[in-house]
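Novice: The sequence shown lines up with residues 29 to 425 when you count with the working numbering. The beta carbon of each residue, even a glycine, is placed where N, CA and C say it ideally should be. For reference, the structure I am asking about is given below.
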Amino acid sequence: MQLSAHPAVIRFRAARSVIVEIVWAVGSLWISASVLAKTPYPNGHWRDADPLAYWLLAAVYLPFVLRRRYPVPVLVSTAICIGTYFTLGYYHVPAVCGMFLALYTVASLRPRRVSVRCGAASLLVLLWGTRLAEPGLGPLSVGFVTVTTTVCWVAGDGSRRLRELTRQLRLEQEEKARRAVVAERIQIARELHDVIAHHVSVISVQTGLAGYVFSSDPPTARRALDTIGASAHEALAEMRRMLVVLREDGTAPAEEAPPGVSGLGRLDDLVRRVGAAGVPVDVTITGTAYALPPGIDLCAYRVVQEALTNVLKHAPTAHTTVRVHYAEDEVRVRVKDDGRGDGPTGSAGPSGGSGQGLVGMRERAKIYHGTVTAERAPEGGFEVSLRVPVPRIVHDA
């Protein structure tokens with residue numbers, strides 16, 4: 029986000045720019061007039077300096093106050109005045125410097141297609157004027173004028189390119205910062221969704237159960253209320269952990285489990301909580317279990333959590349299986365319900381939902397070059413599968 033400068037600061041900058049241009053124009057005129065006044069005129073080659081010569085120098089340099097706002101018109105005005113100055117036979121060096129400065133300004137502020145034409149026209153004017161001022165114009169004078177004109181144009185064009193590159197870099201940095209902010213917002217939203225959606229679903233189911241059996245089965249109602257309290261407590265704890273990370277470094281929580289907490293290590297607590305909400309869950313772990321990188325570990329846990337949350341929403345009595353397989357170079361997770369729930373869709377599919385949970389799962393998996401598939405199983409029910417490659421160095425450790 030960019031902060032606007034104070035109006036007083038803007039006015040000060042504008043005034044400073046005008047003052048600098050005035051000082052530059054007046055200073056250039058003073059130096060040129062001093063050179064003209066102190067230069068001898070041997071052999072009668074040049075006309076003696078008179079008031080008209082100084083007026084022409086003033087007409088050359090004073091318009092430089094507007095050179096940044098109107099660079100091409102100032103160059104044209106300078107060329108006309110210098111041409112007149114040359115024609116009258118005055119000493120040419122004090123005026124030539126104005127032509128070089130005007131050309132530099134055009135090259136630094138206007139596109140190359142404009143500045144090249146202006147440069148060619150300036151070179152012709154200078155060569156013509158030098159020929160008038162120096163009879164028998166030789167290769168040395170031609171070369172000096174040509175090289176100096178080219179150097180002024182190249183310097184101005186380089187200044188323009190540097191300014192454009194700087195502006196482009198600034199825009200790219202602003203765009204990069206904007207994308208980083210958007211990515212952080214998405215990540216925060218994903219974390220909030222994962223934390224809140226699951227626990228609120230558990231609370232919603234248990235609240236309905238407690239209200240239904242409150243009078244007929246007080247022990248069951250009591251257990252439902254205990255589950256509600258535990259879910260609310262854990263939701264608050266997870267949100268506090270996330271807020272702590274945000275306060276510490278000002279960024280969204282990374283795809284890592286909080287210190288001391290394992291992702292799949294909390295699977296038993298998750299299954300117990302979902303089971304208390306009325307969804308029977310069987311867990312199967314195959315392969316030789318090994319420590320996963322924190323980000324992959326949390327990713328696998330969040331996928332299981334989101335899949336079970338969908339079961340609670342759409343098939344609250346469906347029998348669900350969670351299978352975790354540790355392969356040599358990847359970890360695979362599958363969550364499947366049997367489609368026999370009594371929810372509105374009969375399975376944990378995305379019908380009627382926002383789909384943000386499935387999008388979040390795929391985004392998490394993509395971070396670690398993994399894939400998530402969510403589809404109806406041929407034998408009924410809904411199945412969510414995750415495959416994430418595990419770096420070999422982690423497995424070897």
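Using only the alpha-carbon positions, how far apart do G288 and I224 sit?
Specialist: Because G288 carries a pLDDT of 48, less than 50, the predicted location of this residue cannot be relied on, and the following value inherits that uncertainty. Their backbone Cα atoms lie some 21 Å apart in a straight line.
Novice: May I ask you to report which of helix, strand or coil DSSP gives A402?
Specialist: Reduced to three states, the DSSP call for A402 is strand.
Novice: In whole angstroms, give me the CA-to-CA distance for V173 and V209.
Specialist: For V173 and V209, the distance between alpha carbons rounds to 54 Å.
Novice: Please give me, in chain order, every unbroken run of the beta strand (DSSP E) with length at least 3 that falls completely inside the region 131–219.
Specialist: Those beta strand (DSSP E) runs which fall completely within the region 131–219 and span 3+ residues do not exist here.
Novice: In whole angstroms, what is the alpha-carbon distance linking R141 and R195?
Specialist: Going by the C-alpha atoms only, they are around 20 Å apart.
Novice: Under a three-way DSSP split, which group does T314 fall into?
Specialist: Of the three classes helix, strand and coil, the one that applies to T314 here is strand, per DSSP.
Novice: Looking at Y396 and V412, is the spacing between their C-beta atoms short of 7 Å?
Specialist: No.
Novice: Between A260, A258, G257 and L237, which lies nearest to A249 when the distance is taken from Cα to Cα?
Specialist: Ranking the options by Cα distance to A249, first place goes to L237.
Novice: Less than 7 Å between C-beta atoms, sequence neighbours within five positions excluded: which residues of the same chain meet that for V233?
Specialist: A305, G306, L340 and P344, listed in sequence order.
Novice: Are there three or more Cβ pairs, one per stretch, closer than 8 Å when the region 71–87 is compared with the region 130–138?
Specialist: With a cut-off of 8 Å, the region 130–138 and the region 71–87 do not count as touching, because too few Cβ pairs lie within range.
Novice: Just to confirm the assignment, what range does the beta strand (DSSP E) spanning Y396 have?
Specialist: Unbroken run through Y396: none, as it is neither H nor E.
Novice: Give me the Cα-Cα distance between R330 and L336, rounded to the nearest whole angstrom.
Specialist: Cα-Cα distance, rounded: 10 Å.
Novice: Who are the near neighbours of P372 in its chain, counting only those whose CB is closer than 6 Å to its CB and skipping five residues on each side?
Specialist: Annotation note: pLDDT 49 at P372 (below 50); position unreliable, coordinate value reported separately. No residues qualify anywhere along the chain.
Novice: Exposed or buried, which one is Q333 when buried takes at least 16 other CB atoms within 10 Å?
Specialist: Under this definition Q333 is a buried residue.
Novice: Taking Cβ to Cβ, would you say V88 is nearer than 7 Å to T106?
Specialist: Yes.
Novice: Return the residue from the list R206, V121 and R268 that minimises the CA-CA distance to G157.
Specialist: Among R206, V121 and R268, the Cα nearest to that of G157 is on V121.
Novice: Can you tell which of C327, R404 and V170 has the C-alpha that lies nearest to the C-alpha of G293?
Specialist: Considering only alpha carbons, the answer is C327.
Novice: Looking at the secondary structure, which residues open and close the beta strand (DSSP E) in which H353 lies?
Specialist: Element bounds for H353: T348 to Y354.
Novice: Quick one, which of R404, E356 and V48 has its alpha-carbon nearest R362's?
Specialist: Nearest option by C-alpha distance: R404.
Novice: Going by the DSSP bridge assignment, what does V93 pair with across the sheet?
Specialist: Its beta-bridge partners do not exist; DSSP assigns none.
Novice: Using a Cβ-Cβ cut-off of 8 Å (strictly less than) and excluding sequence neighbours within five positions of T314, which residues of its own chain qualify?
Specialist: The residues are R351, V352, H353 and Y354.
Novice: If you pair each beta-carbon of the region 90–98 with each one of the region 142–154, do three or more pairs fall below 8 Å?
Specialist: No: fewer than three Cβ pairs fall under 8 Å.
Novice: In angstroms, rounded to a whole number, what distance separates the CA positions of G388 and V230?
Specialist: Cα to Cα, the separation comes out at about 20 Å.
Novice: What span of residues does the beta strand (DSSP E) with V363 cover, start to end?
Specialist: That run of the beta strand (DSSP E) goes E358 to D365.
Novice: Taking 7 Å as the limit between beta carbons, can you name the residues of its chain near T399, skipping five residues before and five after?
Specialist: Closer than 7 Å at the Cβ level, and outside the excluded window around T399, lie A393 and R415.
Novice: Could you have a look at R415 and say whether DSSP puts it in helix, strand or coil?
Specialist: Here R415 sits in strand by DSSP.
Novice: Can you give the Cα-Cα distance for A285 and P322, rounded to whole angstroms?
Specialist: Unreliable positioning characterises A285 in this predicted model, as indicated by a pLDDT of 44, which lies under 50. The coordinate reading is nonetheless provided below. So the alpha carbons of these two residues sit roughly 6 Å apart.
Novice: Report the option in P167, L129 and L199 whose CA atom is closest to the CA atom of V179.
Specialist: Residue L129 is the option with its Cα nearest to V179.
Novice: In whole angstroms, what is the alpha-carbon distance linking H227 and S259?
Specialist: Between H227 and S259, the C-alpha separation is close to 6 Å.
Novice: Flag this pair as yes or no: are the beta carbons of G408 and K364 separated by less than 7 Å?
Specialist: It is not a contact, given that the beta carbons lie outside the stated cut-off.
Novice: With 16 other CB atoms within 10 Å as the buried threshold, where does V134 fall?
Specialist: Per the 10 Å Cβ criterion, buried.
Novice: Run the CB neighbour count on R301, radius 10 Å, all protein chains shown included, and call it buried at 16 or more, exposed below.
Specialist: Buried, since its Cβ has 16 or more Cβ neighbours within 10 Å.
Novice: Based on the DSSP output, what are the partners of F410 in its beta bridges?
Specialist: Answer is R404, bridged to F410.
Novice: With 16 as the cutoff for other CB atoms within 10 Å, does S150 come out buried or exposed?
Specialist: Label assigned to S150: buried.
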